[in-house]
Amino acid sequence: MLPIFIYAILAIVYFLQILWLQENLQNGITETGYFAAKYGYVYDYMHNYEGNHSIKPSEESISKSQGNRVNNVPEDYTDNEEKTFDDKRDKIENSVEGLIAKAIDSTFYKIKLKDYVDVESINQSCIQGGYSGIHTYLSSFMEEEDTIDIILVYKVKLPLLFIKVDGFPMVQRVKLRGWSGTKIELKSDTEETNEDSEIVYITEHGRVYHLSKECSHLNLSIKEVHIDDIKGLRNAAGGKYKECEICDKYETGLENHKVYITDYGDRYHKSLGCSGLKRTIIAIPKSEVGDRSPCKRCGK
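Here you go:
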């Protein structure tokens, strides 16, 4: 039992050592990332400067060279020559940028990491090969979305005395945005902007909002019918028409036994001036609808 207990204690200690190493390395690559991020603006400036000030053959030099050519030279020959020049220039620019980026992510990160970790402790730790066994070749600088991406790859030795087993692979990573001075358009900002730019329509006392100004709830199709025909008429949903409470409240009288209905309403009105037939349409941003719900007809 005692040997098993001792091995269990050693396993726990070994596990804690691995956690301690990971914590220190994670803190180290985070600080290294912060340091490298400060140079994002310089890299971005150089990138834009080279793109805006790249050497191109001037119009004057092109015209002179064309004047010195024989008149029967095909016109597309000049275009092909310029295209070849641009292709070569782009290849040179890309290769220069690639060399700069790779030099930083493969060498700089590992050198700078030494400022934030105890190299001597790592050399005596369970990392296979010590500090030399830590690799940063998967890291990148200002490549994808101007990010600083530091990736550590190393192996941890397993405490097995009589069995030869290859180290357990470990990966640690930190990803930061380079400080280029440009603002990232966050998803929430985009959604808020879209919501602010989307216009919906409401009425003064309505409890719903409408996506279309042409919604039948806003544009009422008013019809004049005889009061005696009301009982046999149905709206678009198949419902019967009842007397409007507003007209009844103000004791509005009938004119020539005529009343007014709409296709989608369920009330008949004695006067065209009834507020039930009027819609004061107000256009507002969707972000200001408050607790109004979408119209069941046009808001689907």
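In the numbering used here, the protein residues as written are 8 to 307. For every residue, glycine included, the Cβ atom is placed at its ideal position computed from N, Cα and C.
Query                                                                                                          : Result
Contact between the region 169-187 and the region 152-160 (3+ Cβ pairs under 8 Å)                              : yes
Cβ separation of residue 210 and residue 288, assumed to be a contact under 8 Å, to the nearest whole Å        : 6 Å
Cβ-Cβ distance between residue 159 and residue 178 below 8 Å                                                   : yes
Sub-8 Å separation of residue 28 and residue 118 beta-carbons                                                  : no
Those runs of the alpha helix (DSSP H) which lie wholly inside the region 210-256 and span at least 4 residues : 252-256
Bridge partner(s) assigned by DSSP for residue 183                                                             : 155
DSSP state of residue 303 mapped onto helix, strand, coil                                                      : coil
Any C-beta of chain C under 8 Å from that of residue 155                                                       : In the structure shown, chain C cannot be found, because there is only a single protein chain.
Top-ranked residue by Cα proximity to residue 113, from 141, 47, 26, 130                                       : 141
DSSP state of residue 10 mapped onto helix, strand, coil                                                       : helix
Cβ-based burial, residue 14 [other Cβ within 10 Å; buried from 16]                                             : exposed
Test item: CB-CB of residue 306 and residue 217 under 8 Å                                                      : yes
N-terminal and C-terminal residue of the alpha helix (DSSP H) that residue 129 is part of                      : 126-130
Exposed unless 16 or more other CB atoms sit within 10 angstroms - verdict on residue 228                      : exposed
Inter-residue Cα distance where the pair is residue 18 and residue 125                                         : 23 Å
For residue 277, the first and last residue of its enclosing alpha helix (DSSP H)                              : Looking at the DSSP string, residue 277 is not in any alpha helix (DSSP H), and its letter there is neither H nor E.
Beta carbon of residue 281 nearer than 8 Å to that of residue 251                                              : yes
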